[in-house]
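FYI, in this note's numbering the residues of the sequence shown are -19 to 239.
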Amino acid sequence: MRQQPEQPAELGPMVSVLSHAARNKLAAAALALDLSAHHMEPASRAQTHLQQGRARLHDLNALFDELLVYTQPCAVEAPQSVDLRGELARLEPLDPSDTSAFAPMTLVGRAPPVWVGRSALRDVLYRLLGNATEALQIEASAAPIAVRLHRAGASAHLHIAQPCQMPPDPALLQGAPFTTNKAGHLGLGLFVSARHLARHGGTLSVAYEAQAGRVVASLMLPIAASSCGARPQLGAKQLTKSPPGSTRALSAAAQCRPG
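Here it is in structure tokens:
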């Protein structure tokens, strides 16, 4: 009988080793498909099937990349005062050759500077906007991503919304990595994003608003000391479940794993 790990912390190294091994196998399979497609007639049905298979291998490989990120300890990054509007305006594709990284955005509202690690915030924004863009492409929607800023007490809030569907019964996924509206993806990237924000006392929630027919990702971050008169205290929130109703939501700011 296979021995089960006694401590949850042991799962990190195990997942890391398995992810590396799986990525190598997937890369070899993708290369074999490329070589096979090269010897086929262009635009043939068989070549199309091979290309679709390669795309699915790429998606699976991307999931293992996320698993590798998730198993790493949280990087220590000093928080600083960051302007949310400025960061959104400066976002550029991670890959310079990708001219359609993000769908068009509409940005409304204002919020004071927040106290957070700049790199962590950028990573979270890339993930959320990239997910929203892919969701709009799946739905073949020409609607822009709606981004709204506002202040509530000692926190700044940023909401990213798109008119798309979400898998049914997200409340059943409490305690699991986020499930998003990306077809065939587990949404582990959003769980990693929640860990980034928790490091600086922030939270991330993803909700499907049934009446409005949209998915909304919401960030809550502490306001910088210069804006509220005192340095925000860092902390981490536990995974919580929203009250039952037309809006189903999961909120998380997962605790960082010990290094």
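For every residue, glycine included, the Cβ atom is placed at its ideal position computed from N, Cα and C.
### Task
Have a look at the DSSP bridge pairing and note the partners of S24.
Answer is none; S24 lacks a bridge partner.
#### Entry: One or two residues paired with H137 in a DSSP bridge
H130 and M200
### Task
Within its chain, find whatever has a CB closer than 7 Å to the CB of L37; leave out the 5 residues flanking it on each side and keep chain order.
L6, A9 and A10
### Query
Does DSSP classify Q142 as helix, strand or coil?
strand
### Query
By Cβ distance, which residues of its chain are closer than 6 Å to H137, with the 5 residues on each side in sequence left out?
H130 and M200
### Message
Mapping the DSSP letters down to three states, classify G181 as helix, strand or coil.
### Response
coil
### Task
Could you tell me which of A2, A204 and D45 sits nearest to A134, measuring between CA atoms?
A204
### Query
Helix or strand or just coil, what does DSSP make of L87?
strand
### Query
For A197, which residues from the same chain have a beta carbon less than 6 Å from its beta carbon, with the 5 sequence-adjacent residues on both sides left out?
L108, I140 and V186
### Task
Check the C-beta distance from E57 over to A100 and give it rounded, since I have them as a contact under 8 Å.
6 Å
### Task
Quick one: using the 10 Å Cβ neighbour count with 16 as the cut-off for buried, is A12 buried or exposed?
exposed
### Message
Give me the DSSP bridge partner(s) of Q60.
### Response
V96
### Query
Can you tell me the Cα-Cα spacing of G33 and N111, whole angstroms?
22 Å
### Task
Give a yes or no on whether the C-beta atoms belonging to G89 and R25 are separated by under 8 Å.
no
### Query
Roughly how many whole angstroms lie between the Cα atoms of H180 and S121?
35 Å
### Task
Output the distance between the C-alpha atoms of Q27 and A35, rounded to the nearest integer angstrom.
12 Å
### Message
Suppose contacts are defined by Cβ-Cβ distances below 8 Å. Is P59 in contact with V104 by that definition?
### Response
no
### Query
If you check the beta carbons only, do L116 and Q142 fall under 8 Å apart?
yes
#### Entry: Integer Cβ distance of A69 from P124, believed to fall under 8 Å
With a Cβ gap of about 15 Å, A69 and P124 do not count as contacting.
### Query
Mind checking whether A42 and Q31 have CB atoms under 8 Å apart?
no
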